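Here the structure is laid out as structure tokens; the discussion comes afterwards.
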Amino acid sequence: MPAPGELTFVAPRGAAKPPRHLADLTPDERRAAVAELGEKPFRARQLSRHYFARLADDPAAWTDIPAASRERLAGALLPRLMTPVRHLSCDDGATRKTLWRLHDGTLVESVLMRYPDRVTMCVSSQAGCGMNCPFCATGQAGLDRNLSTAEIVHQIVDGMRALRDGEVPGGQARLSNIVFMGMGEPLANYRRVTGAIRRLTDADPDGVGLSQRGITVSTVGLVPAMLRLADEGFSCRLAVSLHAPDDELRDTLVPVNTRWKVREVLDAAWRYADRSGRRVSIEYALIRDINDQAWRADLLGRLLKGHGAHVNLIPLNPTPGSKWTASRPEDERAFVAGLEAHGVPVTVRDTRGQEIDGACGQLAAAERE
Ligand code: SAH
Numbered sequence: 001m002p003a004p005g006e007l008t009f010v011a012p013r014g015a016a017k018p019p020r021h022l023a024d025l026t027p028d029e030r031r032a033a034v035a036e037l038g039e040k041p042f043r044a045r046q047l048s049r050h051y052f053a054r055l056a057d058d059p060a061a062w063t064d065i066p067a068a069s070r071e072r073l074a075g076a077l078l079p080r081l082m083t084p085v086r087h088l089s090c091d092d093g094a095t096r097k098t099l100w101r102l103h104d105g106t107l108v109e110s111v112l113m114r115y116p117d118r119v120t121m122c123v124s125s126q127a128g129c130g131m132n133c134p135f136c137a138t139g140q141a142g143l144d145r146n147l148s149t150a151e152i153v154h155q156i157v158d159g160m161r162a163l164r165d166g167e168v169p170g171g172q173a174r175l176s177n178i179v180f181m182g183m184g185e186p187l188a189n190y191r192r193v194t195g196a197i198r199r200l201t202d203a204d205p206d207g208v209g210l211s212q213r214g215i216t217v218s219t220v221g222l223v224p225a226m227l228r229l230a231d232e233g234f235s236c237r238l239a240v241s242l243h244a245p246d247d248e249l250r251d252t253l254v255p256v257n258t259r260w261k262v263r264e265v266l267d268a269a270w271r272y273a274d275r276s277g278r279r280v281s282i283e284y285a286l287i288r289d290i291n292d293q294a295w296r297a298d299l300l301g302r303l304l305k306g307h308g309a310h311v312n313l314i315p316l317n318p319t320p321g322s323k324w325t326a327s328r329p330e331d332e333r334a335f336v337a338g339l340e341a342h343g344v345p346v347t348v349r350d351t352r353g354q355e356i357d358g359a360c361g362q363l364a365a366a367e368r369e
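What follows is the structure, encoded as structure tokens:
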């Protein structure tokens, strides 16, 4: 019998910490980690360049590092964080969803979308989500755990590598945009998500060297975190999932609204716009007979008018078991017209990836054979 305190216990799924990875560390921390291994500090720059700029996490390709050091550095700083379980494509190959298994068995998804003029990657910031929005598949299963910075970064690094190597239908391409619109609420995992943004935007060799302009953080409206993002000087695009202009309905559609009301969420969004100099996007899933009435379009238009916001209307992607569906075409048209009457720019988003459950709100990372 083990003595009390020595009892071995089985960690609940998702409880084990992901292994430390180069992408979790700042450039200074990387130098310290390399030195701790008895290696020259400049190896940190070499490793960073291989991972972030050359997208090469296979030690065999690191020819500027002595063979004896490669395995040691790889083992300590580039552990395998995740394995693709499968890729699913649709829209003639233009949309490709990847299901990832993390080191502890947790499943997450990312989606690559090719357009004639750009490639967008939709990434997950958490496994599952704790926000519980009733129309969203991810929200129904609850939160598994936060992703680490490196688990977020690696979804993108691997997507960039696959595009470069021509593994994605349509031939070689470069990534142009990243949207935090996969699984999870990015601002509920603030430190790791902003760490990932820094890794992605730091210049070569410290990071991938992308521009914050091409990165969108989408939030249910966690006001303190929105203000922090503004105060810390980020300039990525902010998207706010509003879905209703009135508190009564928004309390149901986005339950965190019972904590931070429409007014406060929009004020925080305008503060971010002010600080960052970026226009805020307002996400609005059009749900038939729930939030698509002309009076709601009018109220939304009045709230947004003059703030430079852009509205993205998303026809609801039905999720399993939901009684809700997308708006009728005539109601969608009237909603657009209602916003335009106030001079508010609006686009209706295409619903890429529907048949592979890869469209907005459909990511559930279910293992289906
Ligand atoms: N948690 C973040 C980001 C993830 S979802 C957020 O809520 O913003 C990205 C967008 O897809 C959000 O605007 C979300 O409300 C929307 N969405 C969720 N489920 C959807 C569905 N079934 N149909 C259409 N859009 C949906």
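For the record, in the sequence shown the residue sitting at position 121 is 121 according to UniProt numbering, with numbers rising by one throughout. We put the beta carbon where it would ideally sit given N, CA and C, even for glycine. Computed from a predicted structure; not experimentally measured.
Would you report the Cα separation of residue i and residue j, rounded to the nearest angstrom?
{"i": "Q172", "j": "V119", "result": "11 Å"}
{"i": "I356", "j": "V220", "result": "24 Å"}
{"i": "A188", "j": "D144", "result": "13 Å"}
{"i": "Q293", "j": "H50", "result": "53 Å"}
{"i": "W62", "j": "R80", "result": "17 Å"}
{"i": "G361", "j": "H243", "result": "13 Å"}
{"i": "G130", "j": "L99", "result": "20 Å"}
{"i": "V311", "j": "L304", "result": "9 Å"}
{"i": "N317", "j": "G75", "result": "42 Å"}
{"i": "G128", "j": "T138", "result": "6 Å"}
{"i": "E248", "j": "D267", "result": "18 Å"}
{"i": "T194", "j": "A337", "result": "37 Å"}
{"i": "N132", "j": "Q140", "result": "6 Å"}
{"i": "T258", "j": "V217", "result": "22 Å"}
Might you give, ordered along the chain, the residues of its own chain that have their beta carbon closer than 8 Å to the beta carbon of residue i, omitting 5 neighbours on each side?
{"i": "D246", "result": "V262, R296 and L299"}
{"i": "T325", "result": "I287, R288, L316 and P318"}
In or out: residue i buried (at least 16 other Cβ within 10 Å) or exposed?
{"i": "G277", "result": "exposed"}
{"i": "F234", "result": "buried"}
{"i": "F42", "result": "exposed"}
{"i": "E6", "result": "Caution is warranted here: a pLDDT of 39 is assigned to E6, below 50, making its placement in the model unreliable, and no coordinate value can be reported."}
{"i": "V85", "result": "exposed"}
{"i": "G105", "result": "exposed"}
{"i": "T149", "result": "buried"}
{"i": "R213", "result": "exposed"}
{"i": "Y284", "result": "buried"}
{"i": "S110", "result": "buried"}
{"i": "Y115", "result": "exposed"}
{"i": "D57", "result": "buried"}
{"i": "E232", "result": "exposed"}
{"i": "A11", "result": "Only weak support is given to the placement of A11: the predicted model assigns it a pLDDT of 43, under 50, and the value that follows is read from those uncertain coordinates. With fewer than 16 Cβ atoms within 10 Å of its Cβ, A11 is classed as exposed."}
{"i": "A158", "result": "Correcting the residue type first, residue 158 is Asp in the shown sequence and not Ala. Its Cβ being crowded by 16 or more others within 10 Å, D158 is buried."}
Let me check you understand the geometry: is the CB of residue i closer than 7 Å to at least one non-hydrogen atom of ligand 2?
{"i": "G361", "result": "No copy of ligand 2 occurs in the structure displayed; its ligands are ligand 1 alone."}
Output needed for residue i: all residues of its chain with C-beta closer than 6 Å, excluding positions within five of it in sequence on either side, in chain order.
{"i": "A269", "result": "V240 and V280"}
{"i": "V348", "result": "L313"}
{"i": "residue 372", "result": "One cannot answer for residue 372 here, as it falls past the ends of the chain, which runs 1 to 369."}
{"i": "P27", "result": "D206"}
{"i": "H307", "result": "W270"}
{"i": "A44", "result": "R30, R31 and V34"}
{"i": "I282", "result": "V240, L242, A309 and V311"}
{"i": "L227", "result": "A268"}
Take residue i and list the residues in its own chain whose beta-carbon comes closer than 7 Å to its own, dropping the five residues that flank it on each side.
{"i": "N146", "result": "Q126, N189 and R192"}
{"i": "E151", "result": "P18, L81, M82 and L102"}
{"i": "R328", "result": "R288"}
{"i": "D153", "result": "According to the sequence shown, residue 153 is Val rather than Asp. The residues are A23, A196, R199 and L200."}
task: Output the residue ranges of the beta strand (DSSP E) runs that lie fully inside the stretch 51 to 120 and measure 3 residues or longer, sorted by chain position.
output: 82 to 90, 95 to 102 and 107 to 115
- request: Would you list, in sequence order, the uninterrupted beta strand (DSSP E) runs of no fewer than 3 residues that lie entirely inside the stretch 285 to 320?
  value: 310 to 315
field: Sequence ranges, beta strand (DSSP E) only - wholly within the stretch 199 to 256, length at least 3
entry: 215 to 219 and 237 to 241
- prompt: Can you give, in chain order, each stretch of the alpha helix (DSSP H) that sits fully within the stretch 151 to 188 and has at least 4 residues?
  reply: none
task: Report the residue ranges of all beta strand (DSSP E) runs contained in full by the stretch 313 to 357; include only those spanning at least 3 residues, in chain order.
output: 346 to 348
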